[in-house]
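If you read the protein sequences in the order shown, they are chains A and B.
Under the working numbering, the residues of the first sequence are numbered 1 to 444, in order.
Under the working numbering, the residues of the second sequence are numbered 445 to 602, in order.
We treat Cβ as the ideally placed atom computed from N, Cα and C, and that holds for glycine.
Just so we're clear, the structure is a prediction, and the values are computed from it rather than from any experiment.
For reference, the structure discussed in these notes is given below.
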Amino acid sequence: MFYSPVRTNAAEVAQSEKLHLFRFVEDPEQVKIDIYETHGGYKAWKKALTSMKPAEIIDEIKKSGLRGRGGAGFPAGMKWSFIPKDSPKPRYLICNADESEPGTCKDRVLMERDPHAVIEGMAIAAFAIGCHRMFIYIRGEFNHSIDRMQAAVKEAYEKGHLGKNVYGSGYDLDMVVHSGGGAYICGEETALLNSLEGERGMSRIRPPFPAIEGLYACPTIVNNVETLASVPHVINHGADWYKTLGTEKSPGSKIFSLSGHVKQPGNYEVELGFNLKKLIYDPAYGGGIRGDKKVKGVIPGGSSTPFLTADMLDVSLDYESLAEAGSMLGSGAVIVFHEDTCIVWVILKLIHFYRHESCGKCTPCREGTGWLEQIIRRIEQGKGKPGDVELIEDVCGNILGRTICPLGDAAVMPIQSAIKNWRDEWQYHIDNKKCLVKTGFEFK
Amino acid sequence: MILNDNSKARIRERVGLYPRHKSAILPALTIAYHQVGHLNDEVYKEIAKIIKVPYVEVAEAATFYTMFPKEPVGKYLIQVCHNISCALLGADSLVEYLEQKLDIKKGETTKDNLFTLVTVECLGSCATAPMMQINQDYYENLTREKVDRILEELRVKG
Numbered sequence: 001m002f003y004s005p006v007r008t009n010a011a012e013v014a015q016s017e018k019l020h021l022f023r024f025v026e027d028p029e030q031v032k033i034d035i036y037e038t039h040g041g042y043k044a045w046k047k048a049l050t051s052m053k054p055a056e057i058i059d060e061i062k063k064s065g066l067r068g069r070g071g072a073g074f075p076a077g078m079k080w081s082f083i084p085k086d087s088p089k090p091r092y093l094i095c096n097a098d099e100s101e102p103g104t105c106k107d108r109v110l111m112e113r114d115p116h117a118v119i120e121g122m123a124i125a126a127f128a129i130g131c132h133r134m135f136i137y138i139r140g141e142f143n144h145s146i147d148r149m150q151a152a153v154k155e156a157y158e159k160g161h162l163g164k165n166v167y168g169s170g171y172d173l174d175m176v177v178h179s180g181g182g183a184y185i186c187g188e189e190t191a192l193l194n195s196l197e198g199e200r201g202m203s204r205i206r207p208p209f210p211a212i213e214g215l216y217a218c219p220t221i222v223n224n225v226e227t228l229a230s231v232p233h234v235i236n237h238g239a240d241w242y243k244t245l246g247t248e249k250s251p252g253s254k255i256f257s258l259s260g261h262v263k264q265p266g267n268y269e270v271e272l273g274f275n276l277k278k279l280i281y282d283p284a285y286g287g288g289i290r291g292d293k294k295v296k297g298v299i300p301g302g303s304s305t306p307f308l309t310a311d312m313l314d315v316s317l318d319y320e321s322l323a324e325a326g327s328m329l330g331s332g333a334v335i336v337f338h339e340d341t342c343i344v345w346v347i348l349k350l351i352h353f354y355r356h357e358s359c360g361k362c363t364p365c366r367e368g369t370g371w372l373e374q375i376i377r378r379i380e381q382g383k384g385k386p387g388d389v390e391l392i393e394d395v396c397g398n399i400l401g402r403t404i405c406p407l408g409d410a411a412v413m414p415i416q417s418a419i420k421n422w423r424d425e426w427q428y429h430i431d432n433k434k435c436l437v438k439t440g441f442e443f444k
Numbered sequence: 445m446i447l448n449d450n451s452k453a454r455i456r457e458r459v460g461l462y463p464r465h466k467s468a469i470l471p472a473l474t475i476a477y478h479q480v481g482h483l484n485d486e487v488y489k490e491i492a493k494i495i496k497v498p499y500v501e502v503a504e505a506a507t508f509y510t511m512f513p514k515e516p517v518g519k520y521l522i523q524v525c526h527n528i529s530c531a532l533l534g535a536d537s538l539v540e541y542l543e544q545k546l547d548i549k550k551g552e553t554t555k556d557n558l559f560t561l562v563t564v565e566c567l568g569s570c571a572t573a574p575m576m577q578i579n580q581d582y583y584e585n586l587t588r589e590k591v592d593r594i595l596e597e598l599r600v601k602g
C-alpha cells in the first residue's frame, strides 16, 4: 500500500515508449533497491561514472534541453556549466525538495514511490560538477518522504552506489537527507542555502549566484527533484532520444499536478506540449469538471502564475505556449476552478498564503502582502470601499520587481491577472458588498 | 533535561554529517519537536549545547519556522491545509466540521488535552484534497465519514 493515495497515470506511462518518470510509481516494490535495479536502475549512474567525463555529461544534459522543473525552467545543463572549473573549494549539489507552492504535489510522489531515481539523478549531477557531498533538502512536514529517502540512501550505500570509491572509480560520494522547516520561501534557492546552513530562511542578494558562492560560500548547484529524476533517462537513452519527447523548445516529459474542481485530481506525466483542455477533460486524466459545471479559470503552473480564463484552455502545456498566453508553466501545478467560484475569495486564499510565507527581508513584500491581504479580506467580507481595486493595483505595482527574490512577484502576478480578467466582478463585490457568485464549498 | 537520550544521540549523529555544525540546527529542532511536541527556550539551550553553537543561533532559526509550535499543544495536533486546492474542495467546511466535532474553535485545545486544531499553509497534498496532518501523519481525500473514523481511533488510543 502507498502512503499517499494520489492518482497517477502510471499504467499509461508503462505502455508508452517514451514517458518514463512514472513508469513504476504504482509498483509498491519499486522503493526497494533490488527491484529498482531489476528495472534498470543505477545503470545510468554506473555508465556516467565509469565511461563519461564530467564535461560530457554536462554537454549531454545541455543538448537534451532539459529545463528546471521546479518553476523557473532554467536549462539544467547550462546551470551546471556555471560551476567554476578552477575553484579550489568543495562543490555541492542540493536537491530542492521543499515542495510547497500551492497546487504542487509531484516531488512527494517521486520521493515516496521512486526514491532511488532521485538518488541516481543526484549522483550523476554531483559527479558532473565535481561534488563529493550532496544534500536533499526535504520540507519538514514530509516525514514519510524523509523516511523513504533515508532508507533508500542506506540501501544505496550498502550496494556501493554511494560511499567511498564508487564502482572502483576512485570517486567518493556521500549523501545527506536534510529535513527542513516547512517554509515556502526555502524553495527559493538562496533562502534554501541559508536554511541549510542553520540560518533563518531568508533570500540572499544575487550576484554572487550559488554556482559561484552557494552553500558555505562554495560553488553550489540547486536542482528540483523532478529535474534530477529525469537525468538518468537522458544518460541512458541519450539527448537525441529525450528531444523526441515534447516540443522543439520544451523537450521532454513533465509531471502535472492537477487539482481543484476536476473529477479526478492527480499527478499525470505527459509530454510537454500536451493540451490543457485534454488534461482537464479526458477520462484518462481530469475527467471533466465536478457537477459538469463550466470552467471559470485555471492556474496553470502553481499559485504564482497568472490565470487562464475559460476561453484560453486550448493551449499547449509548454514553456513557450504558456508564456505566449500570458502565464507560465511554473511547477506544472494546474489548479482548476468552476463557475461557482468567487474570484475575490480565490485571491484572498492566495494572498493569505504569500503574506504568511513572506520571509520579511524586503519591505515591499513584507508590508505589501500584509496590506493586500487586509484590503482583499475587507472586500471579500463585504466591507470594500470605492477605489479599493485601484489601491490593490497600486500596492501590487510597488512590490513587483522591487524585491530580492521572486516571492513578491509571485504574490502579485495572480492578483494583477485576476483584476485584469475579472475586474467587473471585483467592482460588483465592492458595490454590492457580496459575491457575484456564491462560493461555499462543502467537503463530502 | 527535556531531551531524552535517544533524541540526543540522533542529534549528535546529524552533526557529523555536515561540514559546519550549525547546519544540524533544523534537523535537531525537528527531532526535538517530534519528541516533545513543541519547542521552547529550554529545548534551544539543550540543542545548542549538543551542537556546540550559541543558544541564540538555535532560537533565531527556530522562531523563523512556523512548522514548530512554540507553546504546548494537545497530544494530537490537527493541522488542516486551508490553501486554494484544498479550499476548492471544502477545507473551510472541514475546519467547521472539526470545530463542531471537537467542540473547540480553530487555535484551541480540547479540555482533555487530546486535540489541538489549527489551519496551516499548503502541505503539498493538493491532488488528494481536502487533507489534514495529525502529528507526523497525513490524512488525505477526507470525507466526513473518514474524519469521524480517524477521531474515534485517536480517542480510543488516547
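Assign residue i to one of two classes, buried (16 or more other C-beta atoms within 10 Å of its C-beta) or exposed (fewer than that).
i	result
ARG67/A	buried
PRO319/A	Reading off the sequence shown, one finds Tyr at residue 319/A, where the question assumed Pro. The residue is buried, with at least 16 neighbouring Cβ atoms inside 10 Å.
VAL500/B	exposed
VAL600/B	exposed
LYS79/A	buried
MET445/B	exposed
THR220/A	buried
GLY297/A	buried
ILE351/A	buried
SER51/A	exposed
GLN15/A	exposed
TYR167/A	exposed
ALA152/A	buried
Pick from the options: whose alpha carbon is nearest that of residue i?
i	options	result
PRO210/A	LEU192/A, ILE58/A, TRP422/A	LEU192/A
PHE307/A	ALA411/A, ASN223/A, CYS105/A	ALA411/A
GLU490/B	ASN448/B, PRO516/B, LEU461/B, GLU596/B	ASN448/B
LEU595/B	ILE522/B, LYS550/B, GLN580/B	ILE522/B
LEU49/A	PRO75/A, LEU173/A, GLY140/A, GLU17/A	LEU173/A
THR104/A	ALA117/A, ASP431/A, PHE82/A, VAL225/A	VAL225/A
THR7/A	PRO513/B, TYR462/B, ALA535/B, SER569/B	According to the sequence provided, residue 7/A is Arg. The question's Thr does not apply to it. Cα-wise, what sits closest to ARG7/A is SER569/B.
GLY518/B	TYR582/B, HIS482/B, ILE528/B	HIS482/B
HIS261/A	VAL295/A, ASP282/A, GLU269/A	VAL295/A
ILE375/A	CYS362/A, CYS396/A, GLY287/A, THR363/A	CYS396/A
THR560/B	LEU532/B, GLU589/B, TYR520/B	TYR520/B
ARG290/A	TYR157/A, GLN150/A, LEU93/A, PHE441/A	PHE441/A
TYR268/A	TYR3/A, HIS20/A, ALA97/A	HIS20/A
ILE26/A	GLY266/A, LYS444/A, SER331/A, LYS349/A	The displayed chain sequence assigns Glu, not Ile, to residue 26/A. Ranking GLY266/A, LYS444/A, SER331/A, LYS349/A by Cα distance to GLU26/A puts GLY266/A first.
CYS405/A	ARG423/A, ILE235/A, LEU436/A, CYS365/A	CYS365/A
GLU565/B	PRO574/B, LEU598/B, ASN527/B	ASN527/B
Quick one: list the residues of chain A neighbouring residue i, beta-carbon separation under 8 Å, in chain order.
i	result
ALA617/B	Residue 617/B lies beyond the residue range present for chain B, which begins at 445 and ends at 602; the question has no answer from this structure.
ARG464/B	GLU197, GLY198, TYR216
MET511/B	GLY140, GLU141, GLY181, GLY182, ALA183
SER467/B	HIS178, LEU196, GLU197, GLY198
With DSSP as the reference, identify every bridge partner of residue i, one or two as the case may be.
i	result
MET576/B	VAL524/B, TYR583/B
MET134/A	LEU93/A, MET175/A
HIS338/A	VAL295/A
TYR477/B	Answer is none; TYR477/B lacks a bridge partner.
ILE221/A	LEU93/A
GLY260/A	VAL336/A
SER253/A	GLU271/A
PRO75/A	ARG67/A
ILE289/A	VAL262/A
PHE559/B	TYR520/B
Mind listing the chain B neighbours of residue i? Cutoff is C-beta to C-beta under 8 Å, in chain order.
i	result
HIS429/A	In chain order: nothing, as chain B lies at least about 17 Å away.
PHE2/A	In chain order: nothing, as chain B lies at least about 11 Å away.
GLU357/A	GLU565
What does residue i touch in chain B if you count any residue whose Cβ is under 9 Å from its own?
i	result
LEU350/A	ASN527, ILE528
ILE335/A	ILE528, SER529, LEU532, CYS570
Residues of chain A with CB closer than 9 Å to the CB of residue i, please, in chain order.
i	result
SER537/B	GLY440, PHE441, GLU442, PHE443
For the ligand GTP, is there a heavy atom less than 7 Å away from the beta-carbon of residue i?
i	result
CYS131/A	The ligand GTP is not part of this structure, which contains no ligands at all.
Taking C-beta pairs closer than 7 Å, name the residues in chain B that residue i reaches, listed in chain order.
i	result
ARG108/A	GLY568
Determine the chain A residues that contact residue i at a beta-carbon separation under 7 Å, and present them in chain order.
i	result
PRO574/B	PHE443
GLU504/B	ARG200
Sufficient close CB pairs (3 or more, under 8 Å) joining the segment 246-265 of chain A to the segment 103-112 of chain A: yes
The segment 405-420 of chain A contacting the segment 292-309 of chain A, beta-carbon criterion three pairs below 8 Å: Yes, the segment 405-420 of chain A touches the segment 292-309 of chain A.
Contact the segment 178-197 of chain A vs the segment 128-140 of chain A: 3+ CB pairs below 8 Å: yes
Inter-stretch contact at 8 Å, needing at least 3 Cβ pairs: the segment 309-323 of chain A / the segment 350-360 of chain A: Output reads no: the segment 350-360 of chain A does not touch the segment 309-323 of chain A.
The segment 502-514 of chain B in contact with the segment 463-470 of chain B per 3-pair CB rule at 8 Å: yes
Touching by the beta-carbon criterion (3+ pairs, under 8 Å), the segment 381-391 of chain A and the segment 330-341 of chain A: no
Three CB pairs or more closer than 8 Å across the segment 147-161 of chain A and the segment 112-122 of chain A: yes
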